[in-house]
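Worksheet: the structure to be examined is printed underneath.
Residue numbers (the working numbering): 1 to 262.
Structural data, given as structure tokens:
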């Protein structure tokens, strides 16, 4: 098959190859994303790139659509990061440092000044097209990835030690648009907001639950949120998974200690 006939089909071919090699949907997904990037790259000319840069100073929705055609998932994360950073009307150095650290861990040397400029474009935008971005993320990722993404967004909000009401609100809106369950959202929220019944909320049970119900809830979550579930992802995602898993264990141990059961 010649070059022109292949153009636009790389994503399907690479998805098939990824599945055949790994015998898993993750391999197929990785192949699809790689092929998608190749297809997109063929469509981008120097003139188009210049138009993208001009668009960054104009319509944010157009800029988002055009940039994701080139750099894809990275720009989705940048946009969501900016939405949380600007939620309370001010962008703090601790938030910027947290985001930079995350992206350096994820992308290594590939994370450069161009990415920071993209983040700045979204931070300075009058409005970020969250609905479209979240739909794109939802279509391209597994549920476990989206939960880890929400954990990362809470990390941005908590980077200064205080999560504001406005930050919680924007993260909840993102959570809903990403198709994350309310139970998962509340569980993550109460890992950053501690109160008298946070341990029960982390386990997703009522304070009146029996000891056996508590044990059952813990066992279920320990399996669902085990760090091995995201072992194929980047270091920062794995770190977030370990923190979440530890919070579940801590909540269970706290309840056991109060109730005095083994």
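For every residue, glycine included, the Cβ atom is placed at its ideal position computed from N, Cα and C.
Sequence-distant Cβ neighbours of residue 82 in its own chain, meaning closer than 7 Å and more than five residues away, are 119, 122, 123 and 128. Between residue 181 and the set 162, 143, 193 and 213, the nearest pair of CA atoms involves 143.
Exclusion of the five residues before and after residue 183 leaves 204 as the residues of its chain whose Cβ lies within less than 8 Å of its Cβ. Taking C-beta separations shorter than 7 Å and ignoring five residues to either side along the sequence, the partners of residue 167 in its chain run 84, 87, 88 and 157, following chain order.
Spatial neighbours of residue 251 in its own chain (CB-CB distance under 6 Å, excluding positions within 5 residues in sequence) are listed in chain order as 199, 202 and 203. Three or more beta-carbon pairs separated by less than 8 Å are not found between the segment 212–221 and the segment 172–180, which leaves the two stretches without contact.
In this chain, residue 127 is not harboured by any alpha helix (DSSP H), its DSSP state being neither H nor E. The DSSP-derived three-state label of residue 90 is coil.
In this structure, residue 116 sits away from residue 173, with a CB-CB distance that is not shorter than 8 Å. The beta carbon of residue 150 sits closer than 8 Å to those of 171, 174, 175, 178, 180, 184, 185 and 188, all from its chain and outside the five residues before and after it, given in chain order. Contact check for residue 258 against residue 241 fails: the beta carbons are separated by 8 Å or more. Each residue's CA atom was taken as its position, placing residue 253 and residue 140 some 36 Å apart. Ranking 135, 212, 221 and 197 by CA distance to the CA of residue 76 puts 135 first. If you draw a straight line from the Cα of residue 261 to the Cα of residue 192, it comes to about 26 Å. Counting only runs of at least 3 residues, the segment 122–203 fully encloses no beta strand (DSSP E) element at all. In terms of Cα proximity to residue 107, the closest of 133, 78, 255 and 126 is 78.
Sorting 160, 210, 228 and 212 by C-alpha distance to the C-alpha of residue 98 places 160 at the top. If you draw a straight line from the Cα of residue 220 to the Cα of residue 102, it comes to about 29 Å. The three-state secondary structure of residue 72, taken from DSSP, is coil.
Taking all protein chains in view, the Cβ of residue 169 is surrounded by fewer than 16 other Cβ atoms within 10 Å, so the residue is classified as exposed. With a 10 Å radius around the Cβ and a threshold of 16 neighbouring Cβ atoms, residue 165 comes out exposed. Here residue 222 is exposed: its Cβ has fewer than 16 other Cβ atoms, across all protein chains shown, within 10 Å. Shown here for residue 190: same chain residues with a beta carbon closer than 8 Å to its own, the five before and five after excluded, namely 198, 201 and 202 in chain order. When the alpha-carbon of residue 163 is set against those of 255, 72 and 95, the nearest one is in 95.
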